[in-house]
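Sequence lines, in order, name chains V and W. Going by numbering that gives the first Met the number 0, the first sequence wraps up at 116, each residue one higher than the last. Going by numbering that gives the first Met the number 0, the second sequence wraps up at 150, each residue one higher than the last. Have a look at the structure below, then the notes.
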Amino acid sequence: MSPDRLDTTFAALADPTRRAILARLASGEASVGELAEPFDISLPAVSKHLKVLERAGLIARGRTAQWRPCRLEAGPLQEAAEWIEHYRRFWDESFDRLDHYLGQVQQGKGTRRGRKK
Amino acid sequence: MTRVFDAPRELVFAAWTDPDRVAAWWGPKGFTTVSYDMDIRAGGTYRFCMRSPDGVDYWKQGVYREVLAPERLVFTFAWVIADGGLGQEMLVTVTFAAEGDKTRMTFRQGPFEAIAKRDDHGRGWTSTFERFAEYLATAFSDHPHTTEVDP
């Protein structure tokens, strides 16, 4: 995933209202009105959030004039989740090694460089 | 991510900030440290190379933002990519809390530094893996495009 795309995705997700909108869309399409309902903010404010999500490719909007249903686009989210998972594994394994290293040092076994004898 | 290590805080902090010690554990299973150059102080930079089991070298580099022994370490990191440029820059914050003879280490990593600066979030915006991953898991657990990843 390109750094820019990742940036855009995370920036879009950095707002709790937008995260809640995405969570709602996970259960199916909705209109702007339906999405605005749970929040104490104006329709134009919700529309602004939807624009950010749309630009990030996280939602797509239908074209019918009156009714422009919003739906979730899972691609960028999936990529973000994979990125997170990749790093979680990376650090998890590093910390396993750190744990092992700390044990060795305290038993007086390891050298500082961790070289095998 | 949080881990509890059976070691005193000073040692755990040293494991992160003494270059020879870092070389002993940094990186996924099977990786070895090939080269490292670390200037561990606020504003200092580092470069670090690790080699995968199949012989591919990965360089990373960054800047230390805070080095507060033995409780807090903050640094950026980015992978050096093909043409010598840098990939996504990330900010890592590690804190160390003593729990008796043990140490509770809390680790946060986020790609949000650039975003935080741009959007002017005063204190910066970092995210723990767990909070974000939890959000994804709970929000989308019923969605066909699940974000679960098999171990």
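Backbone N, C-alpha and C fix where the C-beta goes; we use that ideal spot for every residue, glycine too. Keep in mind it's a predicted model, so treat the numbers as computed, not measured.
Tell me, to the nearest whole angstrom, how far the beta carbon of Cys-69(V) is from that of Glu-28(V); I am working on the premise that it is less than 8 Å. Within the first sequence, the letter at position 70 stands for residue 69(V). Within the first sequence, the letter at position 29 stands for residue 28(V). Their Cβ separation, rounded to whole angstroms, is 7 Å, which keeps Cys-69(V) and Glu-28(V) in contact under 8 Å.
Using alpha carbons as the reference points, say which of Val-3(W), Thr-16(W), Arg-46(W) lies closest to Leu-156(W). Nothing can be reported for residue 156(W): it is not among the residues displayed for chain W, which extend from 0 to 150.
Applying a beta-carbon distance threshold of less than 8 Å, which residues of chain W neighbour Leu-101(V)? Locating residue 101(V) in the first sequence gives position 102, counting from the first residue. Result: Phe-4, Asp-5, Ala-6, Leu-10, Val-11, Ala-14.
Distance check for Ala-97(W) and Thr-127(W), CA to CA, integer angstroms please. Taking the first residue of the second sequence as position 1, residue 127(W) is located at position 128. Taking the first residue of the second sequence as position 1, residue 97(W) is located at position 98. A caution first: Thr-127(W) carries a pLDDT of 42, below 50, which makes its placement in the model unreliable, though a value can still be read off. Looking at the backbone, the Cα of Thr-127(W) and that of Ala-97(W) are separated by about 20 Å.
Suppose contacts are defined by Cβ-Cβ distances below 8 Å. Is Gln-108(W) in contact with Met-89(W) by that definition? In the second sequence, counting from the first residue as 1, residue 108(W) sits at position 109. In the second sequence, counting from the first residue as 1, residue 89(W) sits at position 90. In this structure, Gln-108(W) places its C-beta atom within 8 Å of the C-beta atom of Met-89(W).
In chain W, what lies closer than 8 Å to Ser-30(V) by C-beta? For this step, residue 30(V) is matched to residue 31 along the first sequence. Against Ser-30(V), chain W offers no close residue; the least beta-carbon distance is about 19 Å (beta-carbon pairs closer than 8 Å).
When we look at the beta-carbon of Thr-1(W) and count the other beta-carbons within 10 Å, is it buried (16 or more) or exposed? Stepping through the second sequence from its first residue, residue 1(W) is reached at position 2. Thr-1(W) should be labelled exposed.
How would you label Thr-31(W), buried or exposed, when you count the other beta carbons within 10 angstroms and need 16 or more for buried? Numbered from 1 along the second sequence, position 32 holds the residue referred to as residue 31(W). Burial call: exposed.
Beta-carbon of Glu-78(V) versus every beta-carbon of chain W: anything under 8 Å? As a working note, residue 78(V) is residue 79 in the first sequence. It does not; no Cβ of chain W falls within 8 Å.
Examine chain V for any beta-carbon lying closer than 8 Å to the beta-carbon of Met-37(W), and answer yes or no. Residue 37(W) sits at position 38 when you count from the first residue of the second sequence. By the rule that beta-carbons nearer than 8 Å mark a contact, Met-37(W) does not touch chain V.
Buried or exposed (CB count within 10 angstroms, at least 16 for buried), Ala-41(W): Here the question's residue 41(W) lines up with position 42 in the second sequence. Taking all protein chains in view, the Cβ of Ala-41(W) is surrounded by fewer than 16 other Cβ atoms within 10 Å, so the residue is classified as exposed.
The alpha helix (DSSP H) that contains Trp-151(W), what's its start and end? Outside the displayed span of chain W (0 to 150) sits residue 151(W), for which this structure offers no information.
Nearest to Val-45(V) (by Cα), restricted to the options Pro-15(V), Gly-56(V), Ala-25(V): For the purposes of this step, residue 45(V) is taken as residue 46 along the first sequence, with counting starting at 1. Of the listed residues, the one whose Cα sits closest to Val-45(V) is Pro-15(V).
Using 8 Å as the limit for Cβ to Cβ distance, is Gln-60(W) near chain V? Mapped onto the second sequence, residue 60(W) falls at position 61. Judged by the 8 Å Cβ criterion, Gln-60(W) is not in contact with chain V.
List the residues of chain V that Trp-24(W) touches, going by C-beta distances under 8 Å, in chain order. Taking the second sequence and counting its residues from 1, the one referred to as residue 24(W) is at position 25. Near Trp-24(W) (Cβ distances below 8 Å), the residues of chain V are Ser-93, Arg-96, Leu-97, His-99, Tyr-100, Gly-113.
Could you confirm whether any beta carbon from chain V is found closer than 8 Å to the beta carbon of Lys-28(W)? Mapped onto the second sequence, residue 28(W) falls at position 29. Taking a beta-carbon distance threshold of 8 Å, Lys-28(W) counts as an interface residue toward chain V.
Along the chain, where does the beta strand (DSSP E) that runs through Gln-60(W) open and close? For this step, residue 60(W) is matched to residue 61 along the second sequence. 56 to 67 is the span of the beta strand (DSSP E), which, as asked, contains Gln-60(W).
Thinking Leu-97(V) and Ala-68(W) are a contact (beta carbons under 8 Å), I'd like their distance in whole angstroms, please. Position 98 of the first sequence, counted from the start, is the residue given in the question as residue 97(V). Position 69 of the second sequence, counted from the start, is the residue given in the question as residue 68(W). Actually they are not in contact, since the Cβ atoms of Leu-97(V) and Ala-68(W) sit about 17 Å apart, beyond 8 Å.
Which term fits Phe-12(W), buried or exposed, when burial requires 16 or more other beta carbons within 10 angstroms of its beta carbon? Within the second sequence, numbered from 1, the residue matching residue 12(W) stands at position 13. Flag for Phe-12(W) reads buried.
Where Gln-106(V) falls, given that 16 or more other Cβ within 10 Å makes a residue buried: Along the first sequence, one-based indexing puts residue 106(V) at 107. Exposed, by the Cβ-count rule.
Over the uninterrupted beta strand (DSSP E) stretch that includes Asp-36(W), give me the two end residues. Here residue 36(W) is taken as the residue at index 37 of the second sequence, counted from 1. 31 to 37 is the span of the beta strand (DSSP E), which, as asked, contains Asp-36(W).
By Cβ distance, which residues of its chain are closer than 7 Å to Arg-8(W), with the 5 residues on each side in sequence left out? One-based indexing of the second sequence puts residue 8(W) at position 9. Closer than 7 Å at the Cβ level, and outside the excluded window around Arg-8(W), lie Pro-69, Phe-95, Ala-97, Thr-102.
Helix, strand or coil: how does DSSP classify Arg-62(V) here? In the first sequence, counting from the first residue as 1, residue 62(V) sits at position 63. Judged by DSSP in its simplified three-state form, Arg-62(V) adopts coil rather than helix or strand.
Thinking Leu-57(V) and Ala-11(V) are a contact (beta carbons under 8 Å), I'd like their distance in whole angstroms, please. Here residue 57(V) refers to the residue found at position 58 when the first sequence is read from its first residue. Here residue 11(V) refers to the residue found at position 12 when the first sequence is read from its first residue. At roughly 6 Å, the Cβ-Cβ gap stays under 8 Å, so Leu-57(V) and Ala-11(V) are in contact.
In angstroms with no decimal places, state the Cα-to-Cα distance between Gly-32(V) and Leu-52(V). Here residue 32(V) refers to the residue found at position 33 of the first sequence. Here residue 52(V) refers to the residue found at position 53 of the first sequence. Using only the alpha carbons, I get a separation of about 16 Å.
Buried or exposed: Gly-84(W), going by 16 or more other Cβ atoms within 10 Å of its Cβ? Sequence index remark: in the second sequence, residue 84(W) carries index 85 (1-based). Result: exposed.
Assigned secondary structure, Leu-57(V) (DSSP; H/G/I helix, E/B strand, else coil): The sequence position of residue 57(V) within the first sequence is 58, counting from 1. DSSP places Leu-57(V) outside both helix and strand once states are collapsed to three, so it counts as coil.
Contact set between Phe-106(W) and chain V, taken where Cβ atoms lie within less than 9 Å: As a working note, residue 106(W) is residue 107 in the second sequence. Think of a sphere of 9 Å around the beta carbon of Phe-106(W): the chain V residues whose beta carbon falls inside it are Trp-90, Phe-94, in chain order.
Just to confirm the assignment: which complete alpha helix (DSSP H) runs, minimum length 4, are found wholly within the stretch 16 to 95 of chain V? If we require 4 residues or more, the alpha helix (DSSP H) runs fully inside the stretch 16 to 95 of chain V come out as 31 to 35, 42 to 54.
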